[in-house]
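> Heads up: the sequence shown runs through residues 9 to 206, numbered per our numbering.
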Amino acid sequence: MLYGLLQIIFGLLFKIFFRAEIIGRENMPKEGAVILAANHMSNWDPPFVATFLSRPVSYMAKIELFKNPIFGRAITACHAFPVKRGAADRGAIKAAMQVLKQGRCLGLFPEGTRSRTGKMRKAEAGVGLIASMTGAPVVPAAIIGTDRIFANGGYFPKLKVIYGEPMKFTGDHKDKEQLEAFSQSIMDKIAEMKEKNR
Numbered sequence: 009m010l011y012g013l014l015q016i017i018f019g020l021l022f023k024i025f026f027r028a029e030i031i032g033r034e035n036m037p038k039e040g041a042v043i044l045a046a047n048h049m050s051n052w053d054p055p056f057v058a059t060f061l062s063r064p065v066s067y068m069a070k071i072e073l074f075k076n077p078i079f080g081r082a083i084t085a086c087h088a089f090p091v092k093r094g095a096a097d098r099g100a101i102k103a104a105m106q107v108l109k110q111g112r113c114l115g116l117f118p119e120g121t122r123s124r125t126g127k128m129r130k131a132e133a134g135v136g137l138i139a140s141m142t143g144a145p146v147v148p149a150a151i152i153g154t155d156r157i158f159a160n161g162g163y164f165p166k167l168k169v170i171y172g173e174p175m176k177f178t179g180d181h182k183d184k185e186q187l188e189a190f191s192q193s194i195m196d197k198i199a200e201m202k203e204k205n206r
């Protein structure tokens with residue numbers, strides 16, 4: 009219920025104030041396990057990339073956010089689950105895989121953290137590992153403009169999100185180089201979509 013309410017509120021906010029443009033929404037599978045992988049520049053990215061989709065997105069969120077009892081309950085109600093940053097968190101990996109085993113949508117940011125400059129960072133291998141172990145397709149999503157929200161004294165930039173065609177890992181899930189290469193290929197696709205839609 010909370011998720012649906014927030015979708016309406018954020019949808020109005022992004023459309024009215026930021027003139028949000030949504031491209032390629034048809035590339036998101038209507039059902040079944042899928043990983044939604046996007047570039048990450050702002051705290052606005054998780055709601056922005058999920059708001060205009062017809063199915064809920066479950067995100068990993070840093071464990072510190074769950075320590076606030078009110079905010080923690082709110083993001084849990086919105087399908088988020090905790091992850092310890094800076095370490096291999098097996099519990100978070102298991103939780104992510106459980107989301108996909110239940111046929112749901114898992115939202116990930118392959119860069120691992122926000123880019124403070126707006127420039128895309130190198131992908132970590134995690135998204136490739138999860139995709140390889142679950143067989144879930146990955147929908148790359150390119151976010152444009154969120155790094156400029158409220159910059160320069162309250163600027164409201166035009167926002168865009170582009171959803172690309174699903175990508176599938178077909179290599180050996182035990183081969184670290186293949187996992188890293190697949191993760192980076194997702195970021196390369198996102199960079200390509202951003203460049204074409206600026």
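Cβ coordinates follow ideal geometry from the N, Cα and C atoms, glycine included. Predicted model only: the values in this text are computed from it and were never measured.
Using the DSSP secondary-structure output, state which residues sit across from alanine 46 in a beta bridge.
Residue mapping note: residue 46 aligns to position 38 of the sequence shown, counting from 1. According to DSSP, which records beta bridges pairwise, alanine 46 is partnered with Ala149.
> Beta strand (DSSP E) containing leucine 116: first to last residue?
Start at 1 with the first residue of the sequence shown, and residue 116 comes out as number 108. 113-116 is the span of the beta strand (DSSP E), which, as asked, contains leucine 116.
> Roughly how many angstroms separate the alpha carbons of lysine 182 and phenylalanine 190, rounded to a whole number?
In the sequence shown, counting from the first residue as 1, residue 182 sits at position 174. In the sequence shown, counting from the first residue as 1, residue 190 sits at position 182. Each residue's alpha carbon lies about 13 Å from the other.
> Tell me lysine 168's beta-bridge partners as DSSP assigns them.
Working through the sequence shown from its first residue, we reach residue 168 at position 160. Lysine 168 is bridged to Glu29, Ile152.
> Tell me where the beta strand (DSSP E) around lysine 70 begins and ends.
Position 62 of the sequence shown, counted from the first residue, corresponds to residue 70. Note, lysine 70: beta strand (DSSP E), 65-70.
> Helix, strand or coil for proline 37 per DSSP?
The residue given as residue 37 occupies position 29 in the sequence shown. In this structure, proline 37 counts as coil in the three-state DSSP scheme.
> So the alpha helix (DSSP H) proline 55 belongs to, where does it begin and stop?
For the purposes of this step, residue 55 is taken as residue 47 along the sequence shown, with counting starting at 1. Unbroken alpha helix (DSSP H) run through proline 55: 53-59.
> Can you name the residues that DSSP bridges to methionine 175?
For the purposes of this step, residue 175 is taken as residue 167 along the sequence shown, with counting starting at 1. Its beta-bridge partners are Val146.
> Measuring only the C-alpha atoms, how far is glutamate 203 from arginine 33?
Residue mapping note: residue 203 aligns to position 195 of the sequence shown, counting from 1. Residue mapping note: residue 33 aligns to position 25 of the sequence shown, counting from 1. Taking the straight line joining both Cα atoms gives about 18 Å.
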